[in-house]
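Each protein sequence line maps, in turn, to chains A and B.
According to UniProt numbering, the residues represented by the first sequence are 1 to 215, in order.
According to UniProt numbering, the residues represented by the second sequence are 1 to 215, in order.
For glycine and all other residues, C-beta sits at the position ideal for the given N, C-alpha and C.
Number of protein chains: 2
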Amino acid sequence: MAKSDPTTPRERYRTQVRAEVMERAWEQIATAGASALSLNAIAKHMGMSGPALYRYFANRDELITELVREAYRDLADTLHAASETGADLAGLARTLRTWALADPQRYLLLYGTPVPGYQAPEDTTAISQEIAVTLIDACAAALPPATPASPLATHLADHRTWAAGHPAPPEALALFLSLWTRLHGVLSLELAGHFTGMQFDAAVLFESELATLLG
Amino acid sequence: MAKSDPTTPRERYRTQVRAEVMERAWEQIATAGASALSLNAIAKHMGMSGPALYRYFANRDELITELVREAYRDLADTLHAASETGADLAGLARTLRTWALADPQRYLLLYGTPVPGYQAPEDTTAISQEIAVTLIDACAAALPPATPASPLATHLADHRTWAAGHPAPPEALALFLSLWTRLHGVLSLELAGHFTGMQFDAAVLFESELATLLG
């Protein structure tokens with residue numbers, strides 16, 4: 001026998017409307033960009049009045065936060081699942097690329113040009129930190145035993161509060177920052193269409209950057 | 001005696017109005033993002049009617065193109081001037097960082113999340129290619145004499161139409177792509193505020209990436 005749903009019909013309806021609003025919001029972001037997101041336009045599209053919709057999302061920023069939270073959550077879970085099934089640093093990097101290419105706007109909402117006037121709340125930072133922890137774990141495991149100290153690692157030895165108590169050596173934190181920025185550099189320019197017309201294979205560049213990172 | 005201005009007062013007025021529109025547009029981009037750019041809002045701000053303003057810029061895309069062209073032109077000239085006064089690859093990279101930090105929105109308009117629905121015309125590609133040529137020149141000069149062929153360089157030997165006939169060896173083109181994407185990775189995440197609160201010095205990461213590139 002199925003377990004009875006603990007939520008009331010009213011709560012289920014609310015969840016359903018919020019999910020539809022978010023779906024419409026992703027469509028709007030794809031066609032007009034996150035900074036042009038409009039609750040009124042979404043309401044119109046759904047055949048609701050603006051004020052009725054505002055009962056589900058108090059304002060644009062609350063909606064963006066939900067989208068950001070959903071995107072970070074999905075990426076964190078995707079990387080965590082890959083890691084659990086044995087993906088090493090290269091595997092996680094390729095998982096990130098697949099995730100980014102599957103939905104460019106979702107990737108760009110997290111890591112692209114910020115939506116002006118929007119400030120993500122603390123709890124989204126906590127999810128992005130989960131992503132960092134999964135990658136730092138893999139960086140620590142990928143680090144050759146005798147990695148020489150670099151000026152960056154030396155700097156990070158004293159500037160590691162952002163790693164939230166992760167026990168990885170500073171060399172692993174340095175590798176994480178290089179990994180993050182290099183993969184983002186390739187991915188964001190690819191997703192923004194800068195390689196279009198250049199007629200080289202962005203996957204070859206991605207693999208080359210990855211190979212250099214792994215020494 | 002000053003040479004007489006070949007333009008008519010009408011033409012000078014036109015140039016002046018277009019310059020003021022572009023100034024307002026940069027302000028709008030800084031506060032609301034490029035995708036929220038509105039000719040009507042600019043017209044209102046300038047005390048003009050929308051239709052009057054449309055005599056100066058036919059539509060939003062023409063205005064964005066002018067902004068993109070101005071930004072690319074400024075970056076191309078800045079790098080070219082640095083190169084002419086002896087800057088090597090590291091010097092050019094630092095010049096790019098200074099240029100990006102001086103006006104984050106200008107950098108992000110060129111290399112950040114694309115404005116949905118906007119397609120830059122061919123002639124802006126020509127200016128971005130000037131930027132590439134200056135950097136490829138510096139990459140060719142910075143390349144150690146016996147750089148081993150990488151899979152990326154091998155790939156680029158057959159995929160180099162984008163380098164528009166530049167005589168640099170494929171290894172220099174590979175170095176250019178690594179340089180571009182790595183510097184962009186650090187700069188774009190820094191400008192997007194992703195390092196805020198991480199409390200490490202982004203300049204140290206930038207220099208570390210640069211040092212690794214230069215071998």
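Close-in-space but distant-in-sequence residues of the same chain around residue i (CB under 6 angstroms, 5 per side omitted)
i, result
"residue 216(A)", "Because chain A in this structure spans residues 1 to 215, residue 216(A) falls outside the shown range and cannot be described."
"residue 76(A)", "127, 130, 131"
"residue 61(B)", "118"
"residue 44(B)", "none"
"residue 105(B)", "29, 30"
"residue 33(A)", "none"
"residue 153(B)", "170, 171, 174"
"residue 53(A)", "39, 43"
Local conformation of residue i per DSSP, three classes
i, result
"residue 85(B)", "coil"
"residue 198(A)", "coil"
"residue 50(B)", "helix"
"residue 118(A)", "coil"
"residue 204(B)", "helix"
"residue 101(B)", "helix"
"residue 55(A)", "coil"
"residue 158(A)", "coil"
"residue 166(B)", "coil"
"residue 146(B)", "coil"
"residue 189(B)", "helix"
"residue 6(A)", "coil"
"residue 212(B)", "helix"
"residue 178(A)", "helix"
"residue 91(B)", "helix"
"residue 128(B)", "helix"
"residue 35(A)", "helix"
"residue 113(A)", "coil"
"residue 1(B)", "Here residue 1(B) scores only 47 on pLDDT, less than 50, and its place in the model should not be relied on; the value that follows carries that caveat. If DSSP states are grouped into helix, strand and coil, residue 1(B) belongs with coil."
Burial state of residue i (16 or more Cβ within 10 Å)
i, result
"residue 49(B)", "exposed"
"residue 134(B)", "buried"
"residue 182(B)", "buried"
"residue 28(B)", "buried"
"residue 190(B)", "buried"
"residue 107(B)", "buried"
"residue 82(A)", "buried"
"residue 97(B)", "buried"
"residue 211(A)", "exposed"
"residue 138(B)", "buried"
"residue 209(B)", "buried"
"residue 168(A)", "buried"
"residue 122(B)", "exposed"
"residue 84(B)", "exposed"
"residue 11(B)", "exposed"
Expected contact under 8 angstroms - CB spacing of residue i and residue j to nearest Å
i, j, result
"residue 136(B)", "residue 72(B)", "Not a contact, Cβ separation roughly 16 angstroms."
"residue 185(B)", "residue 185(A)", "3 angstroms"
"residue 162(B)", "residue 200(A)", "7 angstroms"
"residue 114(B)", "residue 192(A)", "5 angstroms"
"residue 92(A)", "residue 79(A)", "6 angstroms"
"residue 100(B)", "residue 187(B)", "5 angstroms"
Beta-carbon contacts of residue i that lie in its chain and below 7 angstroms, excluding the five residues immediately before and after
i, result
"residue 214(B)", "89, 90, 142"
"residue 25(B)", "37, 42, 63, 67"
"residue 150(A)", "174"
"residue 219(A)", "Since the first residue of chain A shown is 1 and the last is 215, residue 219(A) is not available in this structure."
"residue 120(B)", "65, 68"
"residue 8(A)", "none"
"residue 166(B)", "133, 136"
"residue 87(B)", "95"
"residue 164(B)", "129"
"residue 103(B)", "none"
"residue 144(B)", "215"
"residue 275(A)", "Chain A is shown only over 1 to 215; residue 275(A) falls outside these bounds and no answer can be derived."
"residue 156(A)", "170, 173, 174"
Close-in-space but distant-in-sequence residues of the same chain around residue i (CB under 8 angstroms, 5 per side omitted)
i, result
"residue 57(B)", "18, 21, 39, 63, 66"
"residue 1(A)", "Since pLDDT at residue 1(A) reaches only 47, below the 50 mark, its modelled position is unreliable, and no value is offered."
"residue 70(B)", "22"
"residue 15(A)", "7"
Near the ligand FMN: residue i beta-carbon under 7 angstroms from a heavy atom
i, result
"residue 211(A)", "For the structure depicted, the ligand FMN is absent and the ligand set is empty, with no information on it obtainable."
Taking a Cβ distance cut-off of 8 angstroms, strictly less, list which residues of the stretch 110-122 of chain A are near chain B, in chain order. 111, 112, 113, 114, 115, 116, 117
Quick one, which residues of the stretch 170-188 of chain A are near chain B if we go by CB-CB under 8 angstroms, in chain order? 174, 177, 178, 180, 181, 182, 183, 184, 185, 186, 188
Any C-beta of chain A within less than 7 angstroms: which residues of the stretch 147-169 of chain B qualify? 150, 151, 152, 155, 156, 159, 161, 162
With 8 angstroms as the limit, tell me which residues of the stretch 188-205 of chain A have their beta carbon closer than that to any beta carbon of chain B; keep them in chain order. 188, 189, 192, 193, 194, 197, 198, 199, 200, 201, 204, 205
Residues in the stretch 120-145 of chain A having any Cβ partner in chain C nearer than 9 angstroms: Within the model displayed, chain C is absent; protein chains A and B are what it includes.
Return the residues of the stretch 26-52 of chain B that lie within a Cβ-Cβ distance of less than 7 angstroms from chain A, sorted by chain order. 31, 32, 33, 35, 36
If the cut-off is 8 angstroms on Cβ atoms, which residues from the stretch 84-110 of chain A count as contacting chain B, listed in chain order? 108
Contact list for the stretch 52-79 of chain B against chain A, Cβ threshold 8 angstroms: none
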